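**Student:** 1413 is the number of the first residue of the sequence shown in our numbering; add one for each residue after it.
For every residue, glycine included, the Cβ atom is placed at its ideal position computed from N, Cα and C.
Given the structure is predicted, the values throughout are model-derived calculations rather than measurements.
Can you keep this structure in mind? I'll have questions shortly.
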Amino acid sequence: MTNLPTFVTHNTLSSDFTIPKTSNLSLLGSYPVTIRSEICVPIDYTKASCVTLFVEYSFKIIFETCIVTTYTATQKVGDITYNVGATSLLNVGTYKFDESPVCNYPETVTLTSLPVFVTHKLPTSNFDIPKTIDLSLIGSYVVTIRSEIKVPNDYTGTSFTTMFDQYQFTVFIEPCIVSLYTATLEVADIYYNIGNTALKNVSPYTFDESPVCNYPETVTLTNLPTFVTHNAPTMADFSVPYSSDLSLIGSYPVTIRSEIKVPKDYTKTTFKSMFVEYEFIVFMQPCLVTSY
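In structure tokens form, the structure reads like this:
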């Protein structure tokens, strides 16, 4: 046998060939083989010499393509839900596409409209969403996943048939969940003596979420006297400018309220209001006379 491929077995006793099952697509092609059979015919009874007679011809071993009848998603990505501020989601949304029968043609997976904050992981064929506190990401994101294979039409590999399957799934980025909203530093009562130097940046306050989600807070002050300056938003405190106006002497109760609006779901169409409010007093005290 001349040029018989190594993956073909010549069975000399039965005068035939065996090709073991293989899924090696690199073997596709045509393999010319020359077979020659010869005999030696003695010239006379002495058998001292003989004449060689032979027959030879060529044939081809053709490795054709593996035939795929169906290509489908056998494990689909379900909708993925992540709450802003939560720990990272790892190895979610595992998917799988399969040929029938299995031919192991290389697959190409394309994801359309996958958000940049979602990581597509190969070769595990799933996704990660790293931890984020970015509230602007809240919403829903429809993603199309498509996988395709190119099946050669014959052993020459010059033309192909594309087989594919595709479907959609949704990534839901849900609001950060606030369990508690409190005043962690309360405004202290403010005391100012008429005629004294101005008070600057006194009685700071802080309101905090637990856990921290960084929803915008709205601070409202009820009955804050006009002669008291609320230093916001750069500073969360107060100032009292210099005054010699004795008519201001007195006490002024002020209510401070801070609230956040927490979206109830990814649509951000309805909100839950969380707030804290309490009272503090501004005391405008008499001008102190040390001598007269």
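Determine the direct distance from the alpha carbon of Asp-1428 to that of Leu-1465, and round the result to whole angstroms.
**Tutor:** 22 Å
**Student:** Please list the segments of the beta strand (DSSP E) lying wholly inside the stretch 1493 to 1568, counting only runs of 3 or more residues, in order along the chain.
**Tutor:** 1501 to 1504, 1508 to 1512, 1519 to 1524, 1531 to 1533, 1538 to 1541, 1551 to 1564
**Student:** With three or more beta-carbon pairs closer than 8 Å as the criterion, would you say the stretch 1686 to 1700 touches the stretch 1653 to 1664?
**Tutor:** yes
**Student:** Quick check: the stretch 1665 to 1683 against the stretch 1631 to 1650, are at least 3 beta-carbon pairs closer than 8 Å?
**Tutor:** yes
**Student:** Under the assumption that Tyr-1617 contacts Val-1688 (Cβ atoms under 8 Å), give the Cβ distance between them as a whole number of angstroms.
**Tutor:** Wrong, their Cβ atoms sit about 10 Å apart, outside the cutoff.
**Student:** Counting pairs of beta carbons, one from the stretch 1496 to 1511 and one from the stretch 1585 to 1592, are three or more of them closer than 8 Å?
**Tutor:** yes
**Student:** Between which two residues does the beta strand (DSSP E) harbouring Thr-1446 extend?
**Tutor:** 1441 to 1454
**Student:** Can you name the residues that DSSP bridges to Lys-1612?
**Tutor:** Bridge partners of Lys-1612: none, in fact.
**Student:** Given a cut-off of 8 Å, decide if Phe-1581 and Val-1555 are closer than it, judged by their beta-carbon atoms.
**Tutor:** Contact: yes.
**Student:** Does the distance from the C-beta atom of Pro-1542 to that of Ser-1571 stay below 8 Å?
**Tutor:** Between Pro-1542 and Ser-1571, the CB-CB gap reaches or exceeds 8 Å.
**Student:** Can you grab the Cα-Cα spacing for the pair Ser-1449 / Gly-1569, in whole Å?
**Tutor:** 34 Å
**Student:** Is the beta carbon of Leu-1523 less than 8 Å from the beta carbon of Ile-1492?
**Tutor:** No, Cβ-Cβ distance for Leu-1523 and Ile-1492 is not below 8 Å.
**Student:** If we count Cβ pairs, one from each stretch, closer than 8 Å, do we get three or more for the stretch 1472 to 1492 versus the stretch 1452 to 1459?
**Tutor:** no
**Student:** Considering only residues of the same chain and omitting the five flanking positions on each side of Gly-1441, which have a CB-CB separation below 7 Å?
**Tutor:** Phe-1475, Tyr-1567
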